[in-house]
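For the sequence shown, the working numbering begins at 4 and goes up steadily by one.
Shown next, in structure tokens, is the structure this report addresses.
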Amino acid sequence: MKKIMILGAGFYYIDIIKNLKRNGYYVIVSDKNPDAPGFEFADEYAVIDIVDKEALYNYAKELKIDGIMAVNDFGTRSAFYVSQKLGLTNPSYLSGICGNDKGLMRDVWSHEGLPQPEYFIFSGLNDVELIKKKLNFPVVVKPVDAGGGGRGISVAFNEDELIESIEHASAYVKNGRYIAEEFMDGTEVTVDSLVFQGKVYPLAISDKEKPESKYFVATSLNFPAKFSAEIIEKIENTVIRATESLGVINGASHAELIVKGSEIRLVEMGIRCGGGHLFHTIIEENSGINAPKELAEILCGGKPNLVKKQNLGVCYRFFNPSRTGIIKSIEYDENLVKSDFVSAFGITAEVGDEFTGLIDSMKRVGFVVTKGRNREEAVKNADLIESCIKFEFE
Numbered sequence: 004m005k006k007i008m009i010l011g012a013g014f015y016y017i018d019i020i021k022n023l024k025r026n027g028y029y030v031i032v033s034d035k036n037p038d039a040p041g042f043e044f045a046d047e048y049a050v051i052d053i054v055d056k057e058a059l060y061n062y063a064k065e066l067k068i069d070g071i072m073a074v075n076d077f078g079t080r081s082a083f084y085v086s087q088k089l090g091l092t093n094p095s096y097l098s099g100i101c102g103n104d105k106g107l108m109r110d111v112w113s114h115e116g117l118p119q120p121e122y123f124i125f126s127g128l129n130d131v132e133l134i135k136k137k138l139n140f141p142v143v144v145k146p147v148d149a150g151g152g153g154r155g156i157s158v159a160f161n162e163d164e165l166i167e168s169i170e171h172a173s174a175y176v177k178n179g180r181y182i183a184e185e186f187m188d189g190t191e192v193t194v195d196s197l198v199f200q201g202k203v204y205p206l207a208i209s210d211k212e213k214p215e216s217k218y219f220v221a222t223s224l225n226f227p228a229k230f231s232a233e234i235i236e237k238i239e240n241t242v243i244r245a246t247e248s249l250g251v252i253n254g255a256s257h258a259e260l261i262v263k264g265s266e267i268r269l270v271e272m273g274i275r276c277g278g279g280h281l282f283h284t285i286i287e288e289n290s291g292i293n294a295p296k297e298l299a300e301i302l303c304g305g306k307p308n309l310v311k312k313q314n315l316g317v318c319y320r321f322f323n324p325s326r327t328g329i330i331k332s333i334e335y336d337e338n339l340v341k342s343d344f345v346s347a348f349g350i351t352a353e354v355g356d357e358f359t360g361l362i363d364s365m366k367r368v369g370f371v372v373t374k375g376r377n378r379e380e381a382v383k384n385a386d387l388i389e390s391c392i393k394f395e396f397e
């Protein structure tokens, strides 16, 4: 039985743990939270912070693991460091560094001539004048390394908003580096891929819907993406080049791009599986490929089956109440959310919580994953579920 270590044992990783155990793996997990909900489903676990690469290396060496899987940005550098030291399969530690720093990532893509916005890396409020000289408004401001989830990202349309955006990002900055980018208008697209022996396999492609806001938080990911075969091929080729440029020979990637007409430009990429339900639910519903199982095969030295079996409709909908404030009650049709077309449903907010709007992905209040014979049917099913949910505020 192959031993695989998963870095993270939060709620969204429980299905990954269960999936791999069903498929014959001995699953070891680590998380800094002693009460992490995924621990009870694992064969073995340790309370270790997933950013503590030396502690993880010692633990993995002791257990003689066959593979290690990062399931979020915080764990990639550690997973790749451990793999490199133990001679296991994963991207290199250097790839992990470039894949977690949006500035380095942009520099690599610039060197490779990949399509992306103009950008400028800076260190704080003292650089406002330099940003104005380098870029035209509107600009997007981000920390270069914040752990994903849209943390610290916003758009500025003038100098006052630029200052506000830098102050917003400062709460998430880890290494004193920020990045300002030319604002890209168009439809945002996600592409989830697995990589085996240097070949990138795009498995699931969505287009995103986002509410009007200075923050960049999606409320719906719709599969398959609504573009022509020609544009899809162009998206896939761009993602393949971007993934290869970051040195990923075996592993996973989650890419985001902007499409406007026939023009495609890269937003960013995580060298790991997509978050939330993308990895363990949506890829399989859309393509027929069990992504956790196949990635585990890759990471443990096996041979995955990456042939897509289908391209069915899936909608990943996040609820976005029209009001903000203290939540007084949450009501929904309990029978409807158990319909056959619902793959996953959850309310992540509680009565008494304060909803301040979708500042980043962590502020979402609930979700549903719906499926259908095609994209339109899946979206219609998500609309139906969302219509039955009522948030009341004080």
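All C-beta atoms in this analysis are idealised placements derived from N, C-alpha and C, irrespective of residue type, glycine included.
Distance from the CA of Met8 to the CA of Gly305, rounded to the nearest whole angstrom, comes to 16 angstroms.
Membership of Phe77 in the alpha helix (DSSP H) is indicated by the continuous run Asp76 to Leu89.
Counted as a single uninterrupted DSSP element, the alpha helix (DSSP H) harbouring Gly102 occupies residues Tyr96 to Asn103.
Among the bridge pairs identified by DSSP, Leu260 is matched with Val192 and Leu269. In the structure shown, the three-state DSSP call for Ser342 is coil. With respect to the C-alpha of Asn384, the residue from Glu233, Val111 and Leu339 having the closest C-alpha is Leu339. With a cut-off of 8 angstroms on Cβ pairs, the region 72-85 is in contact with the region 263-278, counting three or more such pairs.
Around the beta carbon of Asp210, a 10 Å sphere encloses 16 or more other beta carbons of the protein chains shown; the residue is thus reported as buried. Leu249 sits in coil when the DSSP states are folded into three classes, being neither helix nor strand. For Leu224, the closest of Ala245, Lys237, Asp195 and Phe199 by C-alpha to C-alpha distance is Asp195. Assignment of Val382 by DSSP, reduced to helix, strand and coil, places it in the helix class.
Within the same chain, Cβ atoms closer than 7 angstroms to the Cβ of Leu138 are found at Glu121, Phe123, Ala183 and Glu185, the five residues on either side in sequence being excluded. Between the region 25-43 and the region 86-93, the count of Cβ pairs shorter than 8 angstroms is below three; the stretches do not touch. Within the model, the alpha-carbon separation for Asn240 versus Cys101 is close to 20 angstroms. Leaving aside the five residues that flank Pro307 on each side, the residues in its chain whose CB is nearer than 6 angstroms to its CB run, in chain order, Phe199, Glu297, Glu300 and Ile301. Take the alpha-carbon of Ile350 and the one of Lys136: they are about 45 angstroms apart.
In the structure shown, Arg376 adopts coil according to DSSP, grouped into three states. One alpha carbon belongs to Tyr335, the other to Glu115, and they sit about 50 angstroms apart.
At the C-beta level, Thr284 and Ala347 come within 9 angstroms of one another.
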